[in-house]
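To start, the structure under review is shown below, and the notes come after it.
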Amino acid sequence: MVAGEGIEKRREEADKTKNSPLAKAEVDAAAREKCRDCPPLAGHEITKNFKEHKSWMDYQARVTGMRAGPLFLTEWKYEGREFDGFKATECLLMDAKAGYDQFFVAPNQFKYHFQREIMSDMVEKARKQHEVALPRPPVQLRWYFQEPLSFQYMAPLIAQISPTIQTIHLP
Numbered sequence: 002m003v004a005g006e007g008i009e010k011r012r013e014e015a016d017k018t019k020n021s022p023l024a025k026a027e028v029d030a031a032a033r034e035k036c037r038d039c040p041p042l043a044g045h046e047i048t049k050n051f052k053e054h055k056s057w058m059d060y061q062a063r064v065t066g067m068r069a070g071p072l073f074l075t076e077w078k079y080e081g082r083e084f085d086g087f088k089a090t091e092c093l094l095m096d097a098k099a100g101y102d103q104f105f106v107a108p109n110q111f112k113y114h115f116q117r118e119i120m121s122d123m124v125e126k127a128r129k130q131h132e133v134a135l136p137r138p139p140v141q142l143r144w145y146f147q148e149p150l151s152f153q154y155m156a157p158l159i160a161q162i163s164p165t166i167q168t169i170h171l172p
């Protein structure tokens, strides 16, 4: 009973945080600083709610700078595609990945076959994002990876889609 009350309290605090005047003011201020002629500005924020907090959520919030709380993340939706973040001042669409090095026993060697499929789905997500991240410039698409093995595996695959998609290893 106590644990359930704690989760409910965190959920209520998260809802209050994301709807607070300060959070909305920060979004409005960022919108005023936007670059001109950036098509992804036509997109919109989406909120994803979770039942429990995971460490990858902290990484995504830190890298993208989007609003987040203990049980929610704010992401960006543009042209039917979801992105982990968007920085209007740079006309930058972002994705941030953390926690995938657990799939590898060594560079490019997966523990289990199904994990390769998960990474293939990630490549397909990058391909679909690239299709709408137009025109280049000013639109930029950048993928961040927290861990080295997943970065080493994904960077060449994403580069095959397009060298304009930036991949960054950022612990």
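Numbered according to this note's numbering, the sequence shown spans residues 2 to 172. All residues carry an ideal CB built from backbone N, CA and C; glycine is no exception.
What are the boundary residues of the alpha helix (DSSP H) that includes residue i?
i    : result
K129 : H114 to V133
Can the beta-carbon of residue i be found closer than 8 Å to that of residue j?
i    : j    : result
T158 : V124 : It is Leu, not Thr, that sits at residue 158 in the sequence shown. Contact flag set, yes.
D96  : F84  : yes
Q141 : Q167 : yes
P108 : L150 : yes
P79  : L93  : Residue identity differs from the one stated: residue 79 is Tyr in this sequence, not Pro. No, Cβ-Cβ distance for Y79 and L93 is not below 8 Å.
G86  : M67  : yes
F104 : K98  : no
R143 : I119 : no
Give the single residue among the options whose Cα lies nearest to the Cα of residue i.
i    : options                  : result
A127 : P139, A160 and S151      : A160
I47  : P139, A69, N109 and I169 : A69
R137 : Q61, F111, E91 and T165  : T165
F146 : F115, M67 and Q61        : Q61
R82  : A99, L72 and E132        : E132
C39  : V64, F152, A134 and A99  : A134
K49  : F73, I119, R117 and S121 : F73
F152 : A43, K52 and G100        : G100
What are the boundary residues of the beta strand (DSSP E) that includes residue i?
i    : result
D59  : Where D59 is concerned, there is no enclosing beta strand (DSSP E), although the alpha helix (DSSP H) it sits in stretches over S56 to T65.
Q167 : I166 to H170
F84  : R82 to F84
In the DSSP assignment, what are the bridge partners of residue i?
i    : result
F111 : F105
E46  : W77
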